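Peer 1: Shown below is the structure under consideration.
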Amino acid sequence: MKQETEWEPKLVGFLCRWCSYAGADLAGTSRKKYPANIRIIKV
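So the number in my numbering is just where the residue sits in the sequence shown, counting from 1, plus 2.
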């Protein structure tokens, strides 16, 4: 039998290094939780 799993999208975020990326970095250093399916690319 094949087990069915719930589909979860993979998100790619293109973040400005001065604003959005700094906020995401601060969230990480503050140990805030955000979804594991997000990949951040700094531009």
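Glycine included, C-beta positions come from ideal geometry on N, C-alpha and C. Keep in mind the model is a prediction, meaning the values are calculated, not measured.
What are the start and end residues of the beta strand (DSSP E) that includes residue 41?
Peer 2: To locate residue 41, count along the sequence shown from 1; it is residue 39. Where residue 41 is concerned, the enclosing beta strand (DSSP E) stretches over 40-44.
Peer 1: Leaving aside the five residues before and after residue 43 along the sequence, list all residues of the same chain whose C-beta is less than 8 Å from its C-beta, in chain order.
Peer 2: The residue labelled residue 43 in the question sits at position 41 within the sequence shown. 14, 15, 16 and 17.
Peer 1: Sort out for me which residues DSSP pairs residue 28 with in a bridge.
Peer 2: Indexing the sequence shown from 1 puts residue 28 at position 26. None; residue 28 has no bridge partner.
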